[in-house]
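First the structure, in the form of structure tokens, and then the observations on it.
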Amino acid sequence: MSTYLIKDAKVLGGDAQDVLIRDGLIAGIGAGLTAEDATVVDAAGQILLPGLVDLHTHLREPGREDAETVATGANAAALGGFTAVHAMANTDPVADTAGTVEQVWRLGQESGRCDVHPVGAVTVGLEGKRLAELGAMADSAARVRVFSDDGKCVDDAVIMRRALEYVKAFDGVVAQHAQEPRLTEGAQMNEGTVSGELGLRGWPAVAEESIIARDVLLTAHVGSRLHVCHVSTAGSVEILRWAKSKGWNVTAEVTPHHLLLTDELVRSYDPVYKVNPPLRTAADVTALREALADGTIDAVATDHAPHPSEDKDCEWAVAAMGMLGLETALSIVQETMVDTGLLDWAGVADRMSTRPADIGRLDGHGRPIAVGEPANLVLVDPGARRTVEPSELASRSRNTPYAGLVLPGRVVATFLRGEPTVIDGKLA
Amino acid sequence: MKRHLISAADLTRDDAILILDTAEELAHIAERPIKKLPTLRGRTVVNLFFEDSTRTRISFEAAAKRLSADVINFSAKGSSVSKGESLKDTALTLQAMGADAVVIRHHASGAPHRLAGSGWLRGSVVNAGDGTHEHPTQALLDAFTMRRRLAGGRGDLEGRRITLVGDVLHSRVARSNVLLLATLGAEVTLVAPPTLLPIGVETWPCTVSYDLDAPLPKSDAVMMLRVQRERMNAAFFPTEREYSRRYGLDLRRMAMLPEHAIVMHPGPMNRGMEIAAEVADSTRSTIVEQVTNGVSVRMAVLYLLLGGNEPALSAPSTTGTEEIAK
Ligand SMILES: [Zn+2]
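Order-wise, the sequence lines are chains A and B.
In terms of my numbering, the first sequence has 299 at position 314, counting the first letter as 1, and numbering is strictly consecutive.
Heads up: take any position in the second sequence, counting from 1, add 232, and you land on my numbering.
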């Protein structure tokens, strides 16, 4: 195993220190460290964070390997500073059995770039009718702890209640894609003045909020754990704030794109902005940023959703929903949260590593930067600027809404258990 | 004018009046035994229809042919072309064939915008109705009809009061009309049950009423919008009978209109639903006239997008048009 000495890195954005990595662990932290056998990494001006953890990634394998594979997704994750991602279950076949989740988990192991933790489907085939074998997935080699029908809402209140109750047996969490199906039939974008003008069927905020309200009450009733995926409205934030004030075990995530982009962009009818949940208003964006800052929203999750060009280079109505996220997430968080003064780098570490690792019950990730801890780390140059060039992304797909934008910050290096997966901003 | 006509919002007041004035000149062609000008000879106009609309297609076809353009009708509905990538592939084909203008009708809102803005095509794009978004040439022909009936066929519609009634939520005609009529200075009132009004309608350049009787005595024109009967299942209103009573234009309501006021409908009508048969057939109804005017307005649009900025009929003598100039 390799030995690395990271020189003069600002740990969590604090004072510059040297960090020694040996045998996959952090072996020393302090000023003026030396190690003769170490490869020295000059990190002056750079920030050292725990490796990022994504609770919400779509890797498309099995089934849509033309959009992404576990391997290409893991490369994108590493370049984005992630050392662990949760791969959503809406693959083909759906990840609703121990066999499928083990397959995805093993592909992640083989990639060597990033730990891939499969999310298990809550219901068979994401159909919302019968519970999948949640226990078998929990007991499998993949040790699934997060269960979600993401892409579809578990809208049957009884099935949702049973899922919340059942996962208590193995400390699991149900991650809900909150979308009342009848209120969003044929929905194309956020329901508001823009949808009215564009003649696109609206997706009202209340369709998300009503499900979250129901689910937090169910969670309290059965005493379980709920995680709310990609919260997108100011009203959802209010419900979460209330649920947390009651002491209920409810967590939530927000995507980078919901922290930056608004439904005004849909005026272009460019399907790169078509995403589920839809881009909302500027007032929602403000509320989401504040909620992430004050902890009402626990984590940033990318909802990385690769699609091949033929599914996006078409008219809005038939375009697939989703956008890439892994390789730009940290930059968007820097732009919307750090550079605005809402969150410091320790806060970023909490929302992008510690909290998501805890929600997913991952042992080796989201740990403090301290001697004896696993060396899952990322080095960031916050002063760098880069223009997003889709052809340069490691993802197999190109559907980024940030093409041509100049974004702050750059992931310089990522370490997974002491070995670099990215060095000098490139795959190691 | 811009290169494309996607939305009524693309038109400034001057653009709109130029189109209406040009249409007024071109309307005289229809009165001649040989209804044809050489203006767009050698140009190719493609009618690209992803959704059935024989009326609109024929209107555009007649307009293009009267200007001597070559017309290709491409009906994408029912062919193998039904998936999403079809729009791009079709556009690339039309581009390869050298289409100078593509008149597109599509069931998806934004499809013409996408066609115009994607770089798939070099020619002009004319929106002939997209989803529940817009139908700008319909708004132009409606404005043309109003201007003839209410303003002597000249200038704008400053101060005219226009009431649009019915399913505004799903109506591309209503969206385009509100935008264009506001640009032309008219005061527009939308009347509909609250379930058939779009979210955010309060930000539109018009007023909104749930009550049809109130605006009628002050209206110069009433435009009835088609109610799609299949929407009944979606509970936008309780019954057809209740809708008809509250929002239908019958003889009693027509009697509330001022003497000079006209009754309009973009067609096709549900007689007995949003409009009583006696009203549709009355002398106040401009429904047939609107169809005729549609050809003139579409000629003007195609001419102005493809032919340049000089007046359509005062071109050099080689065009042979001076004989019909006023
Ligand atoms: Zn989702």
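Cβ coordinates follow ideal geometry from the N, Cα and C atoms, glycine included.
Next item on the list: Note down the Cα distance separating Pro256 of chain A from Ala20 of chain A, rounded to an integer number of angstroms.
Entry: 52 Å
Next item on the list: Please work out which residues of its chain come closer than 8 Å, Cβ to Cβ, to Glu293 of chain B, disregarding the five sequence neighbours upstream and downstream, and give them in chain order.
Entry: Asn279, Val303, Asn305
Note to self: Just to confirm the assignment: which complete beta strand (DSSP E) runs, minimum length 3, are found wholly within the stretch 222 to 278 of chain A?
What the structure shows: 235 to 239
Check: Between Gly410 of chain A and chain B, is there a C-beta pair that is closer than 9 Å?
Finding: no
Margin query: Less than 6 Å between C-beta atoms, sequence neighbours within five positions excluded: which residues of the same chain meet that for Val158 of chain A?
Written below: Val131, Arg210, His212
Note to self: Following a CB-centred definition, is His215 of chain A positioned closer than 8 Å to any heavy atom of ligand 1?
What the structure shows: Result yes, Cβ under 8 Å from ligand 1.
Check: By Cβ distance, which residues of its chain are closer than 6 Å to Leu481 of chain B, with the 5 residues on each side in sequence left out?
Finding: Met456, Ile507, Val511
Note to self: With a threshold of 8 Å (Cβ to nearest heavy atom), would Asp288 of chain A be considered close to ligand 1?
What the structure shows: yes
Notebook entry, point to check: Cβ of Val433 of chain B less than 9 Å from any chain A Cβ?
Noted result: yes
Margin query: Let me see if you follow: with CB-CB separation under 9 Å, is Pro430 of chain B close to chain A or not?
Written below: The beta carbon of Pro430 of chain B falls within 9 Å of a beta carbon belonging to chain A, placing the residue at that interface.
Notebook entry, point to check: So, helix, strand or coil for Asp335 of chain A, using DSSP?
Noted result: helix
Notebook entry, point to check: In terms of alpha-carbon separation, which member of B:Thr421, B:Ile336, B:Ala340 lies closest to Arg289 of chain B?
Noted result: B:Ile336
Item checked: Interface flag, Val25 of chain A vs chain B, CB-CB below 9 Å -> no
Notebook entry, point to check: Considering only C-alpha positions, which residue in the set A:Ser382, A:Lys114, A:Glu194 is nearest to Pro293 of chain A?
Noted result: Per the Cα distances, A:Ser382.
Note to self: DSSP three-state label for Pro548 of chain B, please.
What the structure shows: Reliability of the predicted coordinates at Pro548 of chain B is poor, the pLDDT of 41 falling under 50, and the value obtained from them is presented with this limitation in mind. Of the three classes helix, strand and coil, the one that applies to Pro548 of chain B here is coil, per DSSP.
Item checked: Ordered list of beta strand (DSSP E) runs contained in the stretch 480 to 552 of chain B, each at least 3 residues -> Runs found: 494 to 496.
Note to self: What does the Cβ neighbour count give for Glu320 of chain A, buried or exposed, with the cut at 16 atoms within 10 Å?
What the structure shows: buried
Check: When burial is assigned at 16 or more other CB atoms within 10 Å of the CB, is Ile266 of chain B buried or exposed?
Finding: exposed
Next item on the list: Flag this pair as touching only if the stretch 105 to 121 of chain A and the stretch 131 to 144 of chain A have three or more C-beta atom pairs under 8 Å; answer yes or no.
Entry: Cβ pair count under 8 Å is three or more, so yes.
Margin query: With three or more beta-carbon pairs closer than 8 Å as the criterion, would you say the stretch 71 to 79 of chain A touches the stretch 319 to 338 of chain A?
Written below: no
Next item on the list: Go to Pro341 of chain A, then tell me how far its alpha helix (DSSP H) extends in each direction, as first and last residue.
Entry: Note, Pro341 of chain A: alpha helix (DSSP H), 340 to 344.
Margin query: Closer than 8 Å to a non-hydrogen atom of ligand 1 - does that hold for the CB of His367 of chain B?
Written below: Distances taken from the Cβ of His367 of chain B to the heavy atoms of ligand 1 include none shorter than 8 Å.
Check: For Pro449 of chain B, which three-state DSSP category applies?
Finding: helix
Notebook entry, point to check: Got a sec: is the Cβ-Cβ distance from Ala302 of chain A to anything in chain B below 9 Å?
Noted result: yes
Check: For Arg422 of chain B, which beta-bridge partners are listed by DSSP?
Finding: First, the amino acid is wrong: residue 422 of chain B is Leu here, not Arg. Under DSSP, the beta-bridge partners assigned to Leu422 of chain B are B:Leu396, B:Val440.
Item checked: Residues near Asn583 of chain B by beta carbon distance below 8 Å, same chain, minus five either side -> Given a span of 233 to 558 for chain B in the structure shown, any question on residue 583 of chain B remains unanswerable.
Check: Measuring from the CB of Pro166 of chain A, is there a heavy atom of ligand 2 at a distance below 8 Å?
Finding: Among the ligands modelled here, namely ligand 1, ligand 2 does not occur.
Item checked: Where Ser312 of chain B falls: helix, strand or coil (DSSP) -> Its pLDDT being 46, under 50, Ser312 of chain B is placed unreliably by the model, and the measurement read from it follows with that caveat. Coil at Ser312 of chain B, not helix or strand.
Notebook entry, point to check: What does a CB cutoff of less than 7 Å around Ala418 of chain A pick up in its chain, not counting 5 residues either side in sequence?
Noted result: Coverage of chain A is limited to positions -14 through 413, which leaves residue 418 of chain A absent and any answer about it impossible.
Next item on the list: Check whether the stretch 395 to 410 of chain B touches the stretch 425 to 445 of chain B, taking contact to mean three or more Cβ pairs, one atom from each stretch, closer than 8 Å.
Entry: yes
Notebook entry, point to check: Name the chain B residues that come within less than 8 Å of Thr178 of chain A, Cβ to Cβ?
Noted result: Ile431, Gly432, Thr435
Item checked: Below-9 Å beta-carbon distance, Pro166 of chain A vs any chain B residue -> no
Note to self: If we define contact as Cβ-Cβ less than 9 Å, is Thr364 of chain B a contact residue for chain A?
What the structure shows: yes
Check: How many angstroms separate the CA atom of Phe281 of chain B from the CA atom of His497 of chain B?
Finding: The alpha-carbon atoms of Phe281 of chain B and His497 of chain B are separated by roughly 22 Å.
Notebook entry, point to check: Should His243 of chain A be listed as close to ligand 1, given that the test is whether its C-beta is under 8 Å from any heavy atom?
Noted result: Annotation for His243 of chain A indicates a beta carbon at 8 Å or more from all heavy atoms of ligand 1.
Next item on the list: Look at the Cβ atom of Glu193 of chain A, then the Cβ atom of Ser221 of chain A, and state whether they are nearer than 9 Å.
Entry: yes
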